[in-house]
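Participant: After the structure tokens below, expect a handful of questions from me.
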Amino acid sequence: MLARAITSVQNGDAVADFDGYEKSSRKSLVLGITGAPGAGKSTLINALIRHYRNLQRSVAVISVDPSSPVSGGSVLGDRLRMSEHACDEHVFIRSVAARGHLGGLCVHIDKIVRLVDFAAWDEIIVETVGTGQSEIEVAGIADISVVVNTPGGGDVVQALKAGIIEIADILVVNKSDLDGAEQTVRDLRESLRWRSSNAEKPEVVQTVASMGKGIDDLVRAIDKQKKGCEAR
Ligand SMILES: Nc1nc2c(ncn2[C@@H]2O[C@H](COP(=O)(O)OP(=O)(O)O)[C@@H](O)[C@H]2O)c(=O)[nH]1
Ligand SMILES: [Mg+2]
């Protein structure tokens, strides 16, 4: 029913079965996972799903596919990365196309998130691919924004340029099994000094998503942010 309703939203059709979803108040916090293609977002989400399922919590994941030639295989890739949960009825995974909304998120992403929330999932995760404006947009939808970086590759410089550091609640250095991870952590911490807001500095967490390492640290950082959201 939810999958069908999302399709209706995407097509601009009326949504059956979810009366009043647009006006209902949000129940679950939305976790945004953003970062460059290949940073390991889907692998990280797979590990998070595993964690939340161990706690008997249901998880819905919305992956925003940029539909660009560069990352054309991302829909398949995301599914593949999370396939161990494909048969779990308490896990809902849906890819939505960004559909030409230039460099940004799917036009209806806010409605889709509302629908998912209305359908009462405990954990809602939104994955966005790309660098730049789309991350800023997802931050507007997410209650907690996790920005995924990797060692080397100039990610930090890119992130700074795009203003991503500004919107991050938590910074992850994934692929910390690769050379240069410590340096990337230092670069990120350094870049935080330039953050304009007086708000608490985001935590920098190291992970090796493909091996499930550092997930506990990430969850701890997320839980801390959740407490902050609930207090507000
Ligand atoms: N070495 C290493 N590779 C990883 C790690 N996490 C993910 N990967 C690999 O990085 C590639 C891209 O991962 P994916 O989760 O699809 O990235 P996404 O595009 O950000 O969603 C895959 O081949 C993963 O197996 C990690 O911690 N270390
Ligand atoms: Mg992905």
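So for the sequence shown, the numbering used here puts the first residue at 846; every next one is plus one.
Each residue gets a CB set at the ideal place from its N, CA and C atoms; glycine is no exception.
What you are looking at is a predicted structure, and each value in this text was computed from that prediction instead of being measured.
#1: For a quick check, are the C-beta atoms of Ile1060 and Leu893 less than 8 Å apart?
#2: Are the stretch 895 to 912 and the stretch 1021 to 1030 touching by the rule of at least three beta carbon pairs closer than 8 Å?
#3: What are the start and end residues of the beta strand (DSSP E) that includes Arg939?
#4: Going by Cα to Cα distance, which pick from Ser887, Ile907 and Ala964 is closest to Ala942?
#5: Suppose the cutoff is 8 Å on Cβ atoms and the five residues either side in sequence are ignored; what does the same chain contact list for Val860 look like?
#6: Please return the same chain residues whose Cβ sits closer than 8 Å to the Cβ of Gly917, not counting the five positions on each side in sequence.
#7: I need the straight-line Cα distance from Pro996 to Phe863, nearest angstrom please.
#8: Starting from the C-beta of Glu929, find all residues in its chain whose C-beta is less than 8 Å away, skip the five residues before and the five after it, and write them out in chain order.
#9: With hydrogens ignored, establish whether the beta-carbon of Ala1026 is closer than 7 Å to any heavy atom of ligand 1.
#10: Measure the C-alpha to C-alpha separation of Lys886 and Asp858 and round it to an integer number of angstroms.
#11: Is any heavy atom of ligand 2 found at a distance shorter than 7 Å from the C-beta of Glu972?
#12: Thinking Ile986 and Asp955 are a contact (beta carbons under 8 Å), I'd like their distance in whole angstroms, please.
#13: Leaving out five residues before and five after Ser913 in sequence, what residues of the same chain have Cβ atoms less than 7 Å from its Cβ?
#14: Buried or exposed: where does Ala964 fall if 16 or more other Cβ atoms within 10 Å of its Cβ makes it buried?
#15: To the nearest angstrom, how far is it from the Cα of Ala905 to the Cα of Leu847?
#16: If distances are taken between C-alpha atoms only, which option among Thr879, Asn994 and Glu1075 comes closest to Val1049?
#17: Could you say which of Ala1076, Ile970, Ile1012 and Leu1063 lies nearest to Val1053 if we only look at CA atoms?
#18: Using the Cβ count rule (16 or more neighbours within 10 Å means buried), how would you classify Trp1039?
#19: Where does Glu1045 fall in DSSP's three states?
Facilitator: So, to answer that:
#1: As a working note, residue 1060 is residue 215 in the sequence shown. As a working note, residue 893 is residue 48 in the sequence shown. Yes, Cβ-Cβ distance for Ile1060 and Leu893 is below 8 Å.
#2: no
#3: Against the sequence shown, residue 939 aligns to sequence position 94. For Arg939, the enclosing beta strand (DSSP E) stretches over residues Val936 to Ala942.
#4: The residue labelled residue 942 in the question sits at position 97 within the sequence shown. Nearest C-alpha to Ala942: Ile907.
#5: The residue given as residue 860 occupies position 15 in the sequence shown. So the qualifying residues of the chain are Ala850, Ser853, Val854, Tyr866 and Leu960.
#6: Within the sequence shown, numbered from 1, the residue matching residue 917 stands at position 72. In this prediction, Gly917 scores a pLDDT of 39, lower than 50, which makes its location untrustworthy; the coordinate-derived value is nonetheless stated afterwards. Answer for Gly917: no residue qualifies.
#7: Position 151 of the sequence shown, counted from the start, is the residue given in the question as residue 996. Position 18 of the sequence shown, counted from the start, is the residue given in the question as residue 863. The alpha-carbon atoms of Pro996 and Phe863 are separated by roughly 43 Å.
#8: As a first step, residue 929 must be located in the sequence shown, where it is residue number 84. Taken in chain order, the residues that qualify are Asn891 and Arg895.
#9: Start at 1 with the first residue of the sequence shown, and residue 1026 comes out as number 181. No; taking the cut-off as 7 Å, the Cβ of Ala1026 has no heavy atom of ligand 1 nearer than that.
#10: As a working note, residue 886 is residue 41 in the sequence shown. As a working note, residue 858 is residue 13 in the sequence shown. Taking the straight line joining both Cα atoms gives about 31 Å.
#11: Indexing the sequence shown from 1 puts residue 972 at position 127. Yes, the Cβ of Glu972 comes within 7 Å of a heavy atom of ligand 2.
#12: Mapped onto the sequence shown, residue 986 falls at position 141. Mapped onto the sequence shown, residue 955 falls at position 110. Confirmed, Cβ separation roughly 6 Å.
#13: Numbered from its first residue, the sequence shown carries residue 913 at position 68. Because the pLDDT of Ser913 is 42, which lies under 50, any placement of that residue in the model is unreliable, and the number read from its coordinates should be weighed accordingly. Here the set comprises nothing.
#14: Against the sequence shown, residue 964 aligns to sequence position 119. So Ala964 counts as buried.
#15: For the purposes of this step, residue 905 is taken as the residue at position 60 of the sequence shown. For the purposes of this step, residue 847 is taken as the residue at position 2 of the sequence shown. Their backbone Cα atoms lie some 11 Å apart in a straight line.
#16: Taking the sequence shown and counting its residues from 1, one reaches residue 1049 at position 204. Considering only alpha carbons, the answer is Asn994.
#17: Here residue 1053 corresponds to residue number 208 of the sequence shown, with the count starting at 1. Among Ala1076, Ile970, Ile1012 and Leu1063, the Cα nearest to that of Val1053 is on Leu1063.
#18: By 1-based counting over the sequence shown, the position of residue 1039 is 194. Trp1039 is exposed by the Cβ-count criterion.
#19: Stepping through the sequence shown from its first residue, residue 1045 is reached at position 200. DSSP places Glu1045 in coil when its eight states are reduced to three.
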